[in-house]
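Colleague: Below: one structure in structure tokens.
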Amino acid sequence: MNTTEEPCVGSPEFCNLTREEYVTMLNAYIYPQTYEWVLIGTHTAVFIIGLVGNALVCIAVYRNHTMRTVTNYFIVNLAVADFMVILFCLPPTVLWDVTETWFLGHALCKVLLYFQSVSVTVSVLTLTFISLDRWYAICFPLEFKSTTGRAKTAILIIWTISLLFNTPELVVLTTVKMVPLRFELEYLVQCMATWSSNSDLVWHIIKILFLYTIPLLLMTIAYHQIVKVLWRSDKIPGQAETKKLASAEQIQLRSRRKAAKMLVAVVVMFAVCYFPVHLLSVLRYTLDMEQNDVITLLALLSHVMCYANSAINPLIYNFMSGKYRREFRRAFCCTSKPIHETLTITTRILSRNKKQGSLQSDKDQREYACNPSVIRNSIRNTYLQ
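Each position in the sequence shown, counted from 1, maps to that position plus 944 in my numbering.
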């Protein structure tokens, strides 16, 4: 038989197997184990929640013109990056981790892993830009004017830097057959860099420094200063303290505090979710760990946490932002046009008593997002970003 003429590679115990028996053995080896099926189910839930949630974030800002603020432009950019990570990177990564095989070929090895790195870089830089923008706007309100035009320019810079920074991966990534097989089979193929192990270690250290440690340090300092400014007094920085505007200032201050809490929660989740994957990358090189069931499980857990971070941000917006919560409801319900909050917060406060008698009739005429009670809260949430 032709099968017996094939050179015997690998363990001698497999030399007498026919091609069909050899393929059956490999299929049994890469078939998911029980714990892997649990993690596959978890990845599936993250996939659905992440796609729907991040799409809703973009829809919310697109449909509600009052939400087109500087911070929300950055949040939409973050949602786009998270959407890309989940859509293009989660499925092949799960398949790769479970089967220990890259089945998608040389071209997709380069493209998918490159855009995964680009998307993660965009997410990190966006979070950093948000923290710096809020820091300037709140701590130095008279020296810096944040505008949507500047936000769009910053987003363009973020994507440019991300595309250029990860170019080395696009160059060096390729498919490599790490385990010799008796037959020409696409099993146990890996997508990995062609440069030396030392170069790969240096590259991972650079990524840990510039895409995790330094940004996290900057965000921590920025939000620490923001929290000090917003919670140390009952006055908004940069605004005059007058009795006429006292109520409006208090409402705006509460809104800024809520926005700050939401952004801090996003940063904390980023720090927690990306720590395991960076730690595992360092341990792989420093301890020279071999691939086994434990390492496969740790890799799956670390990857699902990264993808969970991309899926959890819309949930944070839903629980901590009234505007996002109302827009999410509106997207799922048959509703009329949204409330157009065209009056300034000062005008609303000063005219509240005058309009109190006609508020009920206005509410009947302008239903919003399956929840008429939001009109009572619209004044309070006008400036929530």
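Glycine included, each C-beta is placed from N, C-alpha and C at the ideal position.
#1: With Cys1135 as the anchor, note down where its beta strand (DSSP E) starts and where it stops.
#2: Can you tell me whether Leu1117 is helix, strand or coil according to DSSP?
#3: Can you tell me which of the three DSSP states Met1122 falls into?
#4: Out of Tyr1156, Arg1270 and Phe1276, point me to the one whose CA is closest to Leu1223's CA.
#5: Please report the straight-line C-alpha distance between Ser1254 and Ala1215, rounded to a whole angstrom.
#6: Using beta-carbon positions only, say whether Leu1022 and Thr1070 come within less than 8 Å of one another.
#7: Throw me the rounded Cβ distance for the Met1206 and Tyr1167 pair, which I believe falls under 8 Å.
#8: Nearest-angstrom Cα distance between Leu983 and Ala1209?
#9: For the alpha helix (DSSP H) holding Lys1151, just list the boundary residues, first then last.
#10: In chain order, what residues of the same chain have a beta carbon less than 7 Å from the beta carbon of Met1264, not counting five sequence neighbours either side?
#11: Rounded to a whole number of angstroms, what is the C-alpha to C-alpha distance between Ile1149 and Val1062?
#12: Note down the Cα distance separating Pro1035 from Gln977, rounded to an integer number of angstroms.
#13: Excluding the 5 residues flanking Ile1003 on each side, which residues of the same chain have their C-beta closer than 6 Å to its C-beta?
#14: Identify the continuous alpha helix (DSSP H) that holds Cys1002 and give its terminal residues.
#15: Is the number of C-beta pairs between the stretch 1127-1138 and the stretch 1090-1105 that are closer than 8 Å three or more?
#16: Going by C-alpha distance, which of Leu1259, Leu1231 and Ile1082 is nearest Ser1141?
#17: For the stretch 1114-1131 and the stretch 1044-1062, state whether three or more C-beta atom pairs, one from each stretch, are separated by less than 8 Å.
#18: If you reduce the DSSP assignment to three classes, tell me which class Ile1156 lands in.
#19: Nearest to Gln1196 by CA position, among Val1005, Ile1082, Trp981 and Pro1258, is which residue?
#20: Output the distance between the C-alpha atoms of Phe958 and Leu1125, rounded to the nearest integer angstrom.
#21: Note down, in chain order, each residue of its chain lying with its Cβ closer than 8 Å to the Cβ of Val1248, except the 5 sequence neighbours on either side.
#22: Between the alpha carbons of Ser1053 and Ser1143, how many angstroms are there, rounded?
#23: From Thr1344 to Ala972, what does the alpha carbon distance come to, in whole angstroms?
#24: With a cut-off of 8 Å on the beta carbons, I'd call Arg1078 and Ile1170 a contact; round off their distance for me.
#25: Report, in whole angstroms, the separation of the C-beta atoms of Thr1072 and Pro1159, which I expect to be a contact under 8 Å.
#26: Does DSSP put Trp1079 in a helix, a strand or coil?
#27: Between Cys1250 and Phe1088, what straight-line distance do the alpha-carbon atoms span, to the nearest angstrom?
#28: Please return the same chain residues whose Cβ sits closer than 7 Å to the Cβ of Cys1217, not counting the five positions on each side in sequence.
#29: Sort Arg1273, Lys1267 and Ala999 by Cα distance to Arg1012 and report the nearest one.
#30: Three-state secondary structure (DSSP) at Asn1110?
#31: Where does Ala1051 land, buried or exposed, given buried means 16+ other C-beta within 10 angstroms?
#32: So, Asn998 versus Phe1027, is the Cβ gap smaller than 8 Å?
#33: Starting from Leu1022, trace the alpha helix (DSSP H) in both directions and tell me its first and last residue.
#34: Hey, could you find the ends of the alpha helix (DSSP H) Thr968 is sitting in?
#35: Could you check how far apart the C-beta atoms of Leu1241 and Tyr979 are, in whole angstroms? I think they sit under 8 Å.
#36: Helix, strand or coil for Ser1090? Go by DSSP, reduced to three states.
Modeller: In brief:
#1: Val1133 to Ala1137
#2: strand
#3: Residue state, collapsed to three classes: coil.
#4: Tyr1156
#5: 12 Å
#6: yes
#7: That belief does not hold up - the Cβ atoms of Met1206 and Tyr1167 are roughly 11 Å apart, past 8 Å.
#8: 25 Å
#9: In the DSSP assignment, Lys1151 falls within the alpha helix (DSSP H) that extends over Ser1141 to Ile1152.
#10: Lys1202, Lys1205, Met1206 and Ala1209
#11: 17 Å
#12: 18 Å
#13: Ala1275
#14: Element bounds for Cys1002: Thr978 to Arg1007.
#15: no
#16: Leu1231
#17: yes
#18: According to the sequence shown, residue 1156 is Tyr rather than Ile. It is helical.
#19: Ile1082
#20: Computed Cα separation, rounded: 10 Å.
#21: Apart from sequence neighbours up to five positions away, the residues of its chain that approach Val1248 with a beta-carbon distance below 8 Å are Leu983, Thr986, His987 and Val990, ordered along the chain.
#22: The question names Ser, but residue 1053 is Cys in the sequence shown. Near 19 Å, if we compare the C-alpha coordinates of Ser1143 and Cys1053.
#23: No statement about residue 1344 is possible, as the shown extent of the chain runs from 945 to 1329 and does not include it.
#24: The C-beta distance from Arg1078 to Ile1170 rounds to 6 Å, short enough to fall under 8 Å.
#25: 5 Å
#26: helix
#27: 34 Å
#28: Cβ neighbours of Cys1217 beyond the five flanking positions: Met1249, Cys1250, Ala1252 and Asn1253.
#29: The candidate whose alpha carbon is nearest that of Arg1012 is Lys1267.
#30: coil
#31: exposed
#32: yes
#33: Val1014 to Met1028
#34: Arg963 to Ile974
#35: 6 Å
#36: coil
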